Amino acid sequence: DRIYPAIRAWEMFLDAPVTGKGVGVTSRPSLGDGTHNMYLLLMAEQGFVGLLLYLSLIGLLAWRGWTLSREAVSPHLVDVGRAMLLYATFIAFYGFFSHSILEEPHGIFLMAFITAAAFQGSVRPRHGDSFAHPYSVRM
């Protein structure tokens with residue numbers, strides 16, 4: 001049941017490996033419920049370009065999370081970094097079993113809130129301010 005769409009997506013990727021066959025091509029009724037794999041979906045629809053963008057998203061989340069969890073001066077920001085790293089790990093592994101990670105509203109909201117909290121820690125005090133931001137990161 002799930003193997004046919006996965007094989008078909010792989011064949012589509014091999015036909016157009018750089019840019020893929022186009023967004024939505026794996027949503028055709030002939031492919032059933034879809035690829036159930038984010039990596040195969042992106043490779044079939046957007047080729048190496050889409051796969052690279054998705055891997056970059058995961059990499060940026062993981063890198064920022066790792067940096068915050070190791071270098072933050074506040075326990076709150078350390079926790080934000082750990083949450084970001086955990087979420088990056090989650091979407092990296094969950095991508096092997098779901099093709100709709102970037103369509104799930106709760107995941108997008110979670111990513112947005114974690115990212116916003118992480119970048120709050122990047123705020124530097126303006127010149128002349130007498131206090132440091134409570135969530136600043138050591139550089």
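Each residue of the sequence shown is one higher than the one before, starting from 1 at the first, in the working numbering. Glycine included, each C-beta is placed from N, C-alpha and C at the ideal position. Note that this is a predicted model, so its numbers are computed, not measured.
Problem set entry | Residue span of the alpha helix (DSSP H) that contains His36, given as start and end | Along the sequence shown, read from residue 1 onward, the residue named residue 36 stands at position 36. Boundaries for His36: no alpha helix (DSSP H) harbours it, and the DSSP string shows neither H nor E there.
Exercise. So, is Thr144 buried or exposed, given that buried needs 16 or more other C-beta atoms within 10 angstroms?
Worked result: This structure cannot speak to residue 144, because the chain is shown only from 1 to 139.
Exercise. How big is the Cα-Cα spacing for Phe148 and Ile58?
Worked result: Here the chain comprises residues numbered 1 to 139, so residue 148 is not present and cannot be evaluated.
Exercise. With distances taken between CB atoms, is the gap from Gly95 to Tyr39 smaller than 8 Å?
Worked result: Here the question's residue 95 lines up with position 95 in the sequence shown. Here the question's residue 39 lines up with position 39 in the sequence shown. Cβ distance < 8 Å, so Gly95 and Tyr39 count as in contact.
For this session: Give the range of the alpha helix (DSSP H) segment to which Leu14 is assigned.
Result: As a working mapping, residue 14 is identified with position 14 in the sequence shown. Start and end: 3 to 15.
For this session: Give me the Cα-Cα distance between Val78 and Asn37, rounded to the nearest whole angstrom.
Result: The residue you call residue 78 lines up with position 78 of the sequence shown. The residue you call residue 37 lines up with position 37 of the sequence shown. Using only the alpha carbons, I get a separation of about 31 Å.
Exercise. From which residue to which residue does the alpha helix (DSSP H) around Ile155 run?
Worked result: Shown here, the chain extends from 1 to 139; a query on residue 155 therefore has no answer.
Exercise. Quick one: what's got a C-beta closer than 8 Å to Ile101's C-beta in the same chain, skipping five residues either side?
Worked result: The residue you call residue 101 lines up with position 101 of the sequence shown. In its chain, beyond the 5 residues on either side, Met38, Ile91, Tyr94, Gly95, Gly107 have a beta carbon closer than 8 Å to the beta carbon of Ile101.
Problem set entry | Candidates Gly24, Arg28, His99: closest to Glu45 by CA position | In the sequence shown, residue 45 corresponds to position 45, counting from 1. With distances taken between CA atoms, Glu45 lies nearest to Gly24 out of Gly24, Arg28, His99.
Problem set entry | Proximal residues to Met43 (C-beta, below 6 Å), its chain only, five neighbours per side dropped | Counting from 1 along the sequence shown, the entry for residue 43 is found at position 43. Around Met43: Phe13, Leu51.
Problem set entry | Beta-carbon contacts of Leu41 that lie in its chain and below 8 Å, excluding the five residues immediately before and after | Translated into positions along the sequence shown, residue 41 becomes position 41. If we look at Leu41 and ignore the five residues flanking it on each side, its Cβ neighbours are Ala9, Thr26, Gly34, Thr35, His99.
Exercise. By DSSP, does Gly50 sit in helix, in strand, or in coil?
Worked result: Along the sequence shown, one-based indexing puts residue 50 at 50. Gly50 falls in the helix class under three-state DSSP.
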